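Following: one structure in structure tokens, then a few remarks.
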Amino acid sequence: MSPFLSADGEKFRGEARAFIEQRYPTNLREKREGDVLSKQDYLAWHRILAVKGWIAPAWPEEYGGANWSLERRYIWQDELARADTISLPPMGIGMLGPVIYTFGTSVQKDQFLAPTLAGDIFWCQGYSEPQAGSDLASVSMKAVRVGDRYVVTGQKMWTSLAQYADWIFCLVRTDPDSQKQAGISFLLIDMRSPGIAIKPIQTLGGDLLVNEVWFDEVDVPVANRINDENRGWACAKFLLGLERTGIANVARSKRKLVKLKETARQCADGDQSIFEDHQFREKLAEVEIALTALEYSELRIFAEEASGGQSGASASLLKVRGTEIQQRLAELFAEAAGYAGCPAAAGNLHGANAQGRYRAFENYFSSRRTSIYGGTNEVQRNIMAKAVLGF
127 MSPFLSADGE KFRGEARAFI EQRYPTNLRE KREGDVLSKQ DYLAWHRILA
177 VKGWIAPAWP EEYGGANWSL ERRYIWQDEL ARADTISLPP MGIGMLGPVI
227 YTFGTSVQKD QFLAPTLAGD IFWCQGYSEP QAGSDLASVS MKAVRVGDRY
277 VVTGQKMWTS LAQYADWIFC LVRTDPDSQK QAGISFLLID MRSPGIAIKP
327 IQTLGGDLLV NEVWFDEVDV PVANRINDEN RGWACAKFLL GLERTGIANV
377 ARSKRKLVKL KETARQCADG DQSIFEDHQF REKLAEVEIA LTALEYSELR
427 IFAEEASGGQ SGASASLLKV RGTEIQQRLA ELFAEAAGYA GCPAAAGNLH
477 GANAQGRYRA FENYFSSRRT SIYGGTNEVQ RNIMAKAVLG F
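All residue numbers for the sequence shown refer to my numbering, where the first residue is 127 and numbers rise by one.
Written out as structure tokens, the structure reads:
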């Protein structure tokens, strides 16, 4: 029994592990990191969890959530990582849902929460723009009110999985004459609306995960606005706190470290595996120490929240260190894989050796974005300096 978990937590771990082993779709077990996932791949696992009542661990029971303790949520993420399940997109359950049940009207809760839980609405996030990424308050996509509707025109950038989305939640400029944060509203927009165009962006990692989304005089009912007009920044800050905590991805990084060690043992460097190289072992030790420290920090923050405290700048801390560790792990995977981690070479490998080296360099390039999305790490350091150090 872990010294950090209660008897109930240990019992739940067994239940969670058994459920994943029995119900995780067989076809998804064959997926590897970096594989292209279809909308149906995501929905297959989502709906199994929804039927079980486990799709929204943090949501209150009154809105259909599991309302798990922080301990159970921690264990659940640990077991998902251990089983190498696919990561479900967080936009609907992890990000928008809490915004709706915190800031939304009763009509909006009835309209959107249950379908989001069931997987009947696939969401994407419309925050970043070409000139408003790190400086999110500079969004310029305009929404002009005409009676009971807004006419929305502009562009969103780096929109993950927009090609699959049924709806998008957007920050829009409703008052161009006010200060940055004061003139922003939060809108829910049906992606089937006339005037919306999606253009895929191929990343250095070779995937088509992100997109440009264009809006050409798109009609949006005022009823789809969350919170008051020009009060969308409150929703934005609330949501970003949720997103940054999740981006830390401690459980997944722990699993990747295990895989990295396995890969290093398989990959030869001359007459011995690279795992036997003392310099490489030092790098492994450094990242493992950093990851262990981050896990303890995460547990401490969870304990503070469970006692009624607020995470505050802790979400920024987790985001910065978590993404740096993810990038370091990707770098070491590429180093261990060597030339065989290149796409052409990896395609000729078989068995365990292929598993370890598969897409090493694509995943390395993909990992570069982790320190950018959710608010760049430079911005997060400014937040910590202001909130913790008083600068």
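By construction, the Cβ of each residue, glycine as well, lies at the ideal position given by its N, Cα and C atoms. On a predicted model such as this, the values are computed, not experimentally measured, just so you know.
query, result
"Per-residue DSSP class, three states only, for I498", "coil"
"Residue environment, V73, which counts as buried when at least 16 other CB atoms sit within 10 Å", "Since the first residue of the chain shown is 127 and the last is 517, residue 73 is not available in this structure."
"Between the CA atoms of P216 and I247 - distance to the nearest angstrom", "13 Å"
"From L206, N503, T242, residue whose alpha carbon lies closest to that of D261", "N503"
"P320 beta carbon less than 9 Å from that of D292", "no"
"9 Å Cβ cutoff met for S286 and N337", "yes"
"Counterpart residues of C250 in DSSP-defined beta bridges", "I294"
"Whole-angstrom C-beta distance between N350 and I315, which should lie under 8 Å", "7 Å"
"Simplified DSSP assignment, three categories, for R198", "helix"
"6 Å Cβ shell around I174 - same chain, five flanking residues per side excluded", "R149"
"Segment contact flag, the segment 370-386 with the segment 452-468, C-beta cutoff 8 Å, min 3 pairs", "yes"
"G280, enclosing beta strand (DSSP E) - first and last residue", "275-282"
"V514 (DSSP reduced to helix, strand or coil)", "helix"
"Distance, M317 Cα to V298 Cα", "15 Å"
"Proximity below 9 Å, CB of G448 to CB of V376", "yes"
"With 16 other Cβ atoms within 10 Å as the buried cut-off, status of H476", "Its pLDDT being 47, under 50, H476 is placed unreliably by the model, and nothing is read from it."
"C-alpha gap between R391 and I400, whole angstroms", "7 Å"
"Inter-residue Cα distance where the pair is E141 and S195", "15 Å"
"Beta strand (DSSP E) segment containing F312, residue limits", "310-316"
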